[in-house]
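*Asks:* Under the numbering used here, the first residue of the sequence shown carries the number 3, and numbering increases by one thereafter. Handing you a structure now.
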Amino acid sequence: MKNFSAIILAAGAGTRMKSSLPKVMHTLSGKPLIKWVIDSVSSLKPDNIVVLLGHGAERVEEYLSDINVKNLKIIYQKEQLGSAHAVMQAEKFLENYSGNILVLSGDVPLIKKATLASLIKKNQKASSSVAVLAAEVANPFGYGRIVKKDGFLERIVEEKDVSIAEKQINLINSGIYCFDKNLWKALSKVKPNNAKKEYYVTDTVAILKSMDKNASLTVTKDENEVKGVNNRLELSQAESLLKDRKIKELFESGVSVIDANSVYISYDAKIGRDTVIYPGVFIDKGVVIGKNCVLKGSSYITDSKINDGSIISYSYINGAVVGKNVKIGPFSHIRPESVLRDNVKVGNFSETKKAVIAKNSKINHLSYIGDAEIGEDVNIGAGTITCNYDGVNKHKTVIGAKSFVGSNVNFVAPVKVGENVVIAAGSTVTRDVPAGKLAIARARQELKRRIIK
Ligand code: UD1
Ligand code: CA
């Protein structure tokens, strides 16, 4: 989109959140509200993004400098005298800018890129001085109402200032507008003549009309994308709207979610066709899942890649790469830097950490495999532990392909086991085992006469 700049209002106190965290730093799907707005706007490549900060400015500024947004300019509104007063603070920076100016609220996070683009286009095509984004909503309480005259936008009136008749209007102001350069003149005429004694940016509509300028309206079909977040209830409602949006997208791309109400799926999850997600699954940020996977009950997955055909049940997976047709669980903990190659099985109450498990290998019961490299076709018996930590440093265990580790074996790392080795059950392996050997490292069983008293 060419020839526009954006102003994002985020200086308000956010009183209704009852929080010490600035409102726009509260998160949806783990991402701060303000970042949702910035991402939508950024995708249209504006010439400038001006963010207005006031309440809790340091906290927001620190975050914004960490994420490094292109063409971002931070401006402060020292006293919060209202949304018009906030926009005015950007005048010094944009007064000579001749393009359109998109004004958004940092607390309207679900707005889509395409809707913003059509609002800007509308303002350009209608040669209006302001285009207001509006929506028909079931419950307009709390929003500014769009008042029309002869079918045309006339003015916006805030909840606290509405007449009884205007209260019935369910066409609401989204808090998102596209202005031309007459914005600055209109702002200078705003007066705090309202119940809250604030300078309202919404008043610019009537002011521009009185200046003989056009004001136009774009009504979005999806009321959900203009829902504002002013309190904790609205925050949780936005979270579920976002989740519903994600699940709808997944349904359309061929993913089955058996009970949409009992899963959590982060907005950024990528999931392949014919994968089935059972109730109780929590897919957090940074997850990619292939085709034909099955994810079952109370599994938590974050920051991981799971390839086609894998089955995960009742497990916790964080920072792992999982190959094709892998079986995890029930009740496994797959920790960061675990790499499970194709056809691997990690089962009941087993934990892996910083471990590469090659193809077809099995760790089926009650094991801890950490700082390890396990070759192909290895069987790790029940209760096997890699003793990787000496109290100061971590050490590595290497087990060669086709080796068989009996039950209840300890590998005291650093230790290397060759290919085709058999380790007898109950062994504590403290020295390397060359390829092809049988290692027994346990006390020999003795049989003694039983004395019966
Ligand atoms: C605002 C609109 C209302 C609209 C609703 C949509 C006004 C007067 N009203 O109401 O018509 O239906 O949004 O969600 O704008 N802000 C500042 N500095 C200030 C005051 C506010 O930066 O001095 C920022 C806030 O941080 C917020 C935005 O402006 O991001 C809107 O303010 P808020 O108090 O949330 O207004 P609403 O009552 O939601
Ligand atoms: Ca608001």
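Cβ coordinates follow ideal geometry from the N, Cα and C atoms, glycine included. On a predicted model such as this, the values are computed, not experimentally measured, just so you know.
What is the rounded straight-line gap between the Cα of Ser255 and the Cα of Lys124?
*Replies:* 31 Å
*Asks:* Counting only runs of 4+ residues fully inside the stretch 229-283, write out the alpha helix (DSSP H) ranges in chain order.
*Replies:* 234-254
*Asks:* So Val348 and Ile330 are supposed to be a Cβ contact under 8 Å. How far apart are they, rounded?
*Replies:* With 8 Å as the limit, Val348 and Ile330 qualify as a contact, their Cβ atoms being about 5 Å apart.
*Asks:* Can you list, in chain order, the stretches of the beta strand (DSSP E) that have 3 or more residues and sit fully within the stretch 123-162?
*Replies:* 132-138, 147-151, 154-159
*Asks:* Output needed for Ser7: all residues of its chain with C-beta closer than 8 Å, excluding positions within five of it in sequence on either side, in chain order.
*Replies:* Pro48, Asp49, Asn50, Ile51, Val52, Leu96, Tyr99, Gly101, Asn102, Ile103, Leu104
*Asks:* In chain order, which continuous runs of the alpha helix (DSSP H) of length 4 or greater are located wholly inside the stretch 166-201?
*Replies:* 166-169, 185-190
*Asks:* On the criterion of 16 or more Cβ atoms from any shown chain inside 10 Å, does Asn309 qualify as buried, or is it exposed?
*Replies:* Asn309 should be labelled buried.
*Asks:* Got a sec: does ligand 2 put a non-hydrogen atom nearer than 7 Å to the Cβ of Ser107?
*Replies:* yes
*Asks:* Answer yes or no: the CB of Val203 versus the heavy atoms of ligand 1, is any distance below 7 Å?
*Replies:* yes
*Asks:* Could you check if Asn263 belongs to the surroundings of ligand 2, using beta carbon to heavy atom distance under 7 Å?
*Replies:* No, Cβ of Asn263 sits at least 7 Å from all heavy atoms of ligand 2.
*Asks:* Let's see if you can read the secondary structure: which residues bound the alpha helix (DSSP H) around Ala88?
*Replies:* DSSP places Ala88 in the uninterrupted alpha helix (DSSP H) bounded by 85-90.
*Asks:* Hey, is Glu339 close to ligand 1, as in C-beta under 7 Å from one of its heavy atoms?
*Replies:* no
*Asks:* My output table needs one value for Leu440: the three-state DSSP class, helix, strand or coil.
*Replies:* strand
*Asks:* What is the C-beta distance between Ile359 and Leu342, in whole angstroms, given that I count them as a contact (C-beta under 8 Å)?
*Replies:* 5 Å
*Asks:* How big is the Cα-Cα spacing for Arg157 and Tyr302?
*Replies:* 49 Å
*Asks:* State the DSSP-derived secondary structure class of Ala59, mapped to helix, strand or coil.
*Replies:* helix
*Asks:* Kindly indicate the opening and closing residues of the beta strand (DSSP E) around Leu210.
*Replies:* Segment 206-212 is the alpha helix (DSSP H) holding Leu210; no beta strand (DSSP E) there.
*Asks:* Could you pull the start and end residues of the alpha helix (DSSP H) that Phe6 belongs to?
*Replies:* Run containing Phe6: none in the alpha helix (DSSP H); it sits in the beta strand (DSSP E), 6-12.
*Asks:* Taking the alpha-carbon positions, what's the Val164 to Asn73 distance?
*Replies:* Using only the alpha carbons, I get a separation of about 39 Å.
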